[in-house]
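Since the structure comes first, as structure tokens, the remarks are kept for the end.
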Amino acid sequence: MTKVAQVLRFYSLDEIMEFIKNGGEYPRHNLYCYDQIKESGNKIECIEYDHNSTWNKLGKKINILNLQQQINILKASNGFDVIYAPFIKDVFLLAILKTLHLYKKPILGLGLEVYIPDNKQFVKKLRQKLVRYIYTNGVDSLHFITEKTYQESNKYSPLKSNHDFSRSWGPDVDFCNSFLKQQNTPPTLDYIYSTGGTGRDFKTLIKAFNKIDFDLRITTKKSLDEDASKHLAPNIHINNNIKPGLHSVSLMRNEYYNSLAVALPLADNMQYAPIGLTVLWEALAMGKPVICTQHKLHQFDIEKEKIGFNVGYNDVEGWRQCVNYLINNPQEAKEMGERAKYICKKRYNYKLFSNEIINIIQKIDASQNKTLCVRNN
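When you line the sequence shown up against the numbering used here, it's residues 64 to 440, in that order.
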């Protein structure tokens with residue numbers, strides 16, 4: 064039995080599990096394998112974020128996130144075999160200590176972006192290079208969430224052999240299927256749905272729908288910039304009143320269900336992070352075709368998979384053409400959605416991804432035990 068310390072962001076684990084226990088529905092992929100690691104027979108403890116911690120407040124000022132959690136791990140390291148960080152920024156201090164050979168416990172982290180120094184200013188670029196070095200050398204196993212993310216990072220400078228990429232990162236299919244089975248009425252299919260907060264180009268999407276005779280619904284926790292929102296046509300509906308929380312996912316799932324398709328307009332200034340993938344997963348698992356700004360770091364080409372369309376950056380006319388095509392071809396839109404669900408069921412889903420993480424944890428632990436045996440002999 065491997066003992067794992069998982070650094071957890073966002074909500075308290077107790078809060079999430081209590082919510083689920085009381086009948087609340089929450090996608091397990093937001094637990095980043097905690098439940099699956101536990102069900103596989105391993106011991107796992109979540110090192111949760113303390114909002115009132117003086118150390119965490121200090122950590123924010125010096126740009127070392129979750130400083131208190133990392134201190135807690137250092138104190139309790141003898142009780143763990145592997146440190147698992149879905150967000151490697153949360154173990155930056157530990158990675159520094161590993162790089163300096165001052166900390167020995169193996170760290171497994173997810174690579175959520177391409178770690179390429181891209182700032183033109185010398186000092187900032189030098190800092191980016193140092194941060195990359197710390198992550199790629201201080202995190203023993205860096206598991207990139209997509210193959211393309213791994214490849215782009217590897218192009219800049221070859222990664223260590225024990226760094227790899229996920230073959231199956233994806234959504235909690237059971238969460239979506241459970242919802243779909245409970246529906247007693249067919250979807251209305253009378254609008255296009257778009258959501259998300261990071262790296263979104265709602266401005267281009269809104270411009271396109273100003274000349275489309277079909278509804279657009281946007282859910283975002285952020286207020287749209289003035290230029291994007293000052294000329295909204297009557298068919299465009301903005302909802303930024305849904306407060307982030309455990310209930311918000313279920314509220315948005317209704318929007319997915321009744322939409323004809325899901326729009327993912329992405330900004331062109333975030334090409335080194337595979338943004339929008341969570342929304343892409345949720346849309347596909349709900350059986351919806353997707354229109355997405357083409358992004359080089361996504362797991363697959365949605366057009367080649369015949370589950371939607373790619374659009375160029377800032378391409379207003381491209382959005383209009385793709386949206387109008389789906390409006391005028393509802394049967395094809397339905398078939399795209401069915402293929403999307405199949406891909407999630409067979410190739411990209413939470414359980415497959417969790418098995419990847421569990422296997423890596425077991426390999427790390429086995430390697431550590433082998434090393435200890437050699438030393439003892």
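Beta carbons: idealized from backbone N, C-alpha and C, even for Gly. What you are looking at is a predicted structure, and each value in this text was computed from that prediction instead of being measured.
CA-to-CA distance, S216 to V386, given in whole angstroms: 34 Å
Spell out the partners DSSP gives E111 in its beta bridges. L71
Between which two residues does the alpha helix (DSSP H) containing C355 stretch? No alpha helix (DSSP H) holds C355; the beta strand (DSSP E) holding it covers V353 to T356.
Buried or exposed by the 16-neighbour rule on C-beta atoms within 10 Å, applied to G114: Before going on, a small fix: residue 114 reads as His here, not Gly. Exposed.
Pairwise C-alpha distance: F272 and W232: 32 Å
Nearest-angstrom Cα separation, counted from N373 out to L165: 47 Å
Hey, is Q394 close to the ligand FAD, as in C-beta under 7 Å from one of its heavy atoms? Summarising the ligand content, the structure contains no ligands, and the ligand FAD is consequently not present.
Starting from N240, follow the alpha helix (DSSP H) in both directions and report where the run begins and ends. V236 to Q245
Through-space distance from V145 to V67, alpha-carbon basis: 5 Å
Determine the closest residue to K167 out of G174, L173 and I159, with distance taken between C-alpha atoms. I159
So what's G174 in DSSP terms, helix, strand or just coil? strand
Tell me whether H226 sits in a helix, a strand or coil according to DSSP, three-state version. coil
Kindly confirm or deny that the stretch 315-324 and the stretch 247-264 touch, where touching means at least three C-beta pairs closer than 8 Å. yes
Mapping DSSP to helix, strand and coil, what is G371? strand
What residue range is occupied by the uninterrupted beta strand (DSSP E) comprising R280? D278 to T282
Coil, strand or helix - F207 by DSSP: strand
Could you check if T117 is buried or exposed, using at least 16 other CB atoms within 10 Å of its CB as the buried criterion? exposed
Considering just the uninterrupted stretch of the alpha helix (DSSP H) at S257, what are its terminal residues? Looking at the DSSP string, S257 is not in any alpha helix (DSSP H); the run it does join, the beta strand (DSSP E), is Y254 to T258.
Give the straight-line distance between the Cα atoms of Q246 and D237, rounded to the nearest whole angstrom. 15 Å
Range of the contiguous alpha helix (DSSP H) that encloses I159: F155 to T162
T258 and T283: beta carbons closer than 8 Å? yes
Following the continuous alpha helix (DSSP H) through N321, name the residue where it begins and the one where it ends. S311 to N321
Nearest-angstrom Cα separation, counted from R316 out to Y405: 19 Å
Touch check for the stretch 139-157 and the stretch 378-397: three-plus C-beta pairs under 8 Å? no
Do Y256 and Y319 have their CB atoms nearer than 8 Å? yes
Might you give, ordered along the chain, the residues of its own chain that have their beta carbon closer than 7 Å to the beta carbon of N200, omitting 5 neighbours on each side? T162
Opening and closing residue of the beta strand (DSSP E) in which L327 lies: A324 to L327
Alpha carbon to alpha carbon, how far is L189 from P180? 8 Å
Quick one: give me the first and last residue of the beta strand (DSSP E) that A148 is part of. V145 to A148
In whole angstroms, give me the CA-to-CA distance for H300 and V312. 19 Å
Taking the alpha-carbon of N392 as reference, which of A403, G381 and G371 has the nearest alpha-carbon? G371
Anyone know if the C-beta pair for L329 and D264 falls short of 8 Å? yes
Rounded separation between S103 and R402 - CA only: 30 Å
Distance, Cα to Cα, M349 vs K408? 11 Å
Would you kindly work out how many angstroms separate the C-alpha atoms of R195 and Y178, rounded to a whole number? 6 Å
Do L327 and I354 have their C-beta atoms closer together than 8 Å? yes
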